[in-house]
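Residue numbers (the numbering used here), protein chains in the order written: chain A, 2 to 114; chain E, 8 to 434. Just so it is clear, CB atoms sit at the ideal spot from N, CA and C, and this is done for glycine as well. Input: a single structure, listed below in structure tokens.
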Amino acid sequence: MKYLMLVCRDPSIELTPERRRTIGPEVQGWVQEMDGRGVRLQGQELAGAQDATTIRVRGGEVVIADGPFAETKELIAGFDVLECADLDEAMEVAAKHPVARLGALELRPFAEG
Amino acid sequence: MTQDATPAIEEAFTEEWGRIVAALIRRTRDWDLAEDCAQQAFAEAARRWPGEGVPRQPGAWLMTVARNRAIDRLRYERMRDARLREAAALIDDRSEDEEAAELGDDSGIEDERLRLMFTCCHPAILLEGRVALTLRALAGLTTTEIANAFVIPEPTMAKRLVRAKHKIEHAGIPYRVPPAHLLPERTSGLLAVLYLMFNEGYAASTGDELIRVDLCAEAIRLARLLNRLMPDEPETGGLLALLLFQHSRREARTDPAGDVITLEDQDRSRWKRSEIDQANAILDVAVRGNAIGPYQVQALIAACHANAPHAGAIDWPRIADLYERLLEVTANPLVKLNHAVAVGMATGPEDALALVGQLEASGDLRDYHLLHATRADFLRRLGRNSEAADGYRAALDLARTEPERRYLIKRLQELGTGPASAQAGGP
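As structure tokens, then:
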């Protein structure tokens with residue numbers, strides 16, 4: 002079972018300078034562990050939402066917007082693609098991600114077929 | 008000749024519905040198919056048993072019919088697919104026997120209802136969906152019955168059920184009893200669903216009962232089943248005993264006008280003795296498991312009330328101790344309030360007032376009328392009548408139901424004052 006895991010930061014949770022230093026290595030540790038287990042197929046940290054460009058085609062016109070398509074409190078900071086036995090395993094993997102304590106992780110199952 | 012097969016069908020329904028649905032889901036992973044086929048099996052029983060007689064093993068008979076219906080459906084679907092893709096028919100040439108084997112024979116296999124229960128109560132499903140799905144898949148209630156029980160429109164309930172089943176099928180929710188490292192947490196989640204179901208029935212029991220399924224009875228039935236399926240988990244016995252104690256008082260809880268009668272003022276002769284005896288026996292077994300938990304403690308508290316010959320004989324010091332134990336595992340402010348009440352009965356209103364004061368300072372139950380009513384009760388017992396009246400009036404402002412308001416007005420009248428004096432004395 003494949004899942005897209007969206008890694009979302011909650012900007013209202015302030016990071017202490019100390020936490021800012023440790024979060025990177027912590028995420029690296031998580032990546033290593035999950036790569037080792039074979040549950041993480043790929044993943045990537047993303048640039049901020051302010052650098053996003055949103056494209057829509059309406060009535061044959063390409064409409065371009067500067068910014069993300071939806072304004073949400075949580076910012077998508079990255080993603081991982083997981084291959085897990087089931088949702089229980091994916092939930093366990095997500096709960097271990099350091100950002101789970103600083104925001105939220107959304108698990109989206111791949112559609113079958 | 009025909010016989011009345013209704014009791015046999017009802018009994019089989021209670022015992023076999025969940026079993027059939029669970030077995031079919033495991034084999035087909037198709038929740039709707041499983042429910043449809045189980046329903047068809049019972050419809051066929053209703054048609055044939057009156058004439059042909061009740062089979063010697065009703066469960067096996069029903070399971071066979073349901074399984075055959077499932078095989079027919081799957082074969083039909085396969086054929087339809089095959090027409091669409093002719094090539095598929097060439098590859099898929101399994102015999103009927105193989106198909107039957109795939110759907111399996113359930114005699115002697117572990118009870119699959121446990122697997123079904125844990126799946127229905129998976130924490131990734133919305134809580135209300137867990138409750139509804141458990142009632143549908145395990146208790147066999149129809150969507151209409153569940154919607155009526157929760158007093159919500161049927162389409163809303165139908166959507167809730169569809170959403171829960173869809174999530175199970177598409178999000179990778181495993182169909183299983185959780186492995187050991189997840190079991191304690193998932194078991195307490197399952198117990199919470201049953202307790203919620205019971206409380207929903209408890210709260211709703213003054214409404215229009217004619218069209219309503221008794222959720223309390225359903226929750227007890229499921230708790231009984233769970234206790235049988237997980238005999239090594241003392242909390243399942245704890246929950247079952249707790250529900251039985253609470254349910255045994257159902258006829259004494261309200262007066263003819265529908266007003267709530269407090270525990271101490273209830274007519275104990277209207278409590279169901281046989282249910283209390285049963286609850287005591289179940290609780291005895293559970294606490295011997297030496298793994299005390301919140302449901303066992305709550306059941307022990309309920310037992311103190313149930314087993315006292317009259318209200319004056321209630322062992323309040325023991326109840327206060329039990330609440331203290333409960334507070335070790337839960338920080339629930341309502342438990343703190345009940346603890347204060349027990350302390351008030353055990354050692355006197357001064358100690359209790361101190362505890363209520365702490366609770367008030369925390370602000371947790373500021374808008375809860377019973378916090379103010381409880382404080383007022385203690386003040387009244389200390390003879391501080393005007394402070395007590397203020398407390399009852401504060402409670403009256405917050406009480407939401409008419410019976411609660413009537414109760415508080417009665418207390419104010421006993422103090423020789425009325426509800427209006429708050430306004431009169433106000434700015």
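So for residue i, helix, strand or coil by DSSP?
{"i": "E/Ile268", "result": "coil"}
{"i": "A/Val28", "result": "helix"}
{"i": "E/Glu258", "result": "coil"}
{"i": "A/Ala105", "result": "strand"}
{"i": "A/Ala66", "result": "strand"}
{"i": "A/Arg41", "result": "strand"}
{"i": "E/Cys44", "result": "helix"}
{"i": "A/Glu113", "result": "coil"}
{"i": "A/Leu83", "result": "strand"}
{"i": "E/Ala73", "result": "helix"}
{"i": "A/Glu46", "result": "strand"}
{"i": "E/Ala230", "result": "helix"}
{"i": "A/Ala78", "result": "strand"}
{"i": "E/Ala306", "result": "helix"}
{"i": "A/Ser13", "result": "coil"}
{"i": "E/Ile78", "result": "helix"}
{"i": "E/Thr424", "result": "coil"}
{"i": "E/Leu201", "result": "helix"}
{"i": "E/Phe49", "result": "helix"}
{"i": "E/Arg373", "result": "coil"}
Return no unless some Cβ of chain A is closer than 9 angstroms to the Cβ of residue i.
{"i": "E/Gly179", "result": "yes"}
{"i": "E/Leu140", "result": "no"}
{"i": "E/Pro191", "result": "no"}
{"i": "E/Ala95", "result": "At E/Ala95 the pLDDT is 44, less than 50, meaning the model places this residue with poor confidence and gives no usable figure here."}
{"i": "E/His129", "result": "yes"}
{"i": "E/Pro301", "result": "no"}
{"i": "E/Pro14", "result": "no"}
{"i": "E/Pro185", "result": "yes"}
What does a CB cutoff of less than 6 angstroms around residue i pick up in its chain, not counting 5 residues either side in sequence?
{"i": "A/Glu107", "result": "Leu7"}
{"i": "A/Val100", "result": "Val8"}
{"i": "A/Phe111", "result": "Lys3"}
{"i": "E/His379", "result": "Gly398, Ala401 and Ala402"}
Determine the extent of the alpha helix (DSSP H) in which residue i is found, giving its start and end residues.
{"i": "E/Ile180", "result": "Run containing E/Ile180: none; DSSP gives neither H nor E here."}
{"i": "A/Met92", "result": "Leu88 to Lys97"}
{"i": "E/Ile16", "result": "Thr13 to Thr35"}
{"i": "E/Asp358", "result": "Pro356 to Ser369"}
{"i": "E/Asp284", "result": "Arg280 to Val294"}
{"i": "E/Ala125", "result": "For clarity, residue 125 of chain E is Phe in the given sequence; the question names Ala instead. Unbroken alpha helix (DSSP H) run through E/Phe125: Arg120 to Cys127."}
{"i": "E/Gly147", "result": "Neither: E/Gly147 is in no alpha helix (DSSP H) and is coded neither H nor E."}
{"i": "E/Leu333", "result": "Trp323 to Val336"}
{"i": "E/Gly398", "result": "Asn392 to Leu405"}
{"i": "E/Arg388", "result": "His376 to Arg388"}
{"i": "E/Leu419", "result": "Glu409 to Glu421"}
When the cut-off is 9 angstroms and only beta carbons count, does residue i lie next to chain E?
{"i": "A/Glu113", "result": "yes"}
{"i": "A/Cys9", "result": "no"}
{"i": "A/Asp81", "result": "no"}
{"i": "A/Ala95", "result": "no"}
{"i": "A/Ala91", "result": "yes"}
{"i": "A/Leu42", "result": "no"}
{"i": "A/Met2", "result": "yes"}
{"i": "A/Leu106", "result": "no"}
{"i": "A/Pro99", "result": "no"}
{"i": "A/Arg38", "result": "no"}
{"i": "A/Pro69", "result": "no"}
{"i": "A/Pro26", "result": "no"}
{"i": "A/Pro110", "result": "yes"}
Spatial neighbours of residue i within its chain, please: CB distance less than 7 angstroms, with the 5 preceding and 5 following residues excluded, ordered by chain position.
{"i": "A/Glu117", "result": "The first residue shown for chain A is 2 and the last is 114, placing residue 117 of chain A beyond what the model contains."}
{"i": "E/Arg231", "result": "Leu247"}
{"i": "A/Glu27", "result": "Pro99"}
{"i": "E/Val61", "result": "Ala12 and Ala15"}
{"i": "E/Ile153", "result": "Ala139, Leu142, Arg143 and Met164"}
{"i": "E/Arg412", "result": "Leu403 and Ala406"}
{"i": "E/Glu161", "result": "Thr150, Thr151 and Ala154"}
Looking at the secondary structure, which residues open and close the beta strand (DSSP E) in which residue i lies?
{"i": "A/Tyr4", "result": "Lys3 to Arg10"}
{"i": "A/Glu72", "result": "No beta strand (DSSP E) contains A/Glu72, which DSSP labels as neither H nor E."}
Residues in its own chain within less than 8 angstroms of residue i by CB, not counting five upstream and five downstream?
{"i": "E/Leu307", "result": "Leu290, Val294 and Leu329"}
{"i": "E/Leu134", "result": "Val200 and Leu203"}
{"i": "E/Gln285", "result": "Leu251"}
Using DSSP bridges, identify the partner residues of residue i.
{"i": "A/Ile56", "result": "A/Ile65"}
Would you verify that the beta carbon of residue i is, or is not, closer than 9 angstroms to some beta carbon of chain C?
{"i": "A/Ala86", "result": "No chain C appears in this structure, whose protein chains are A and E."}
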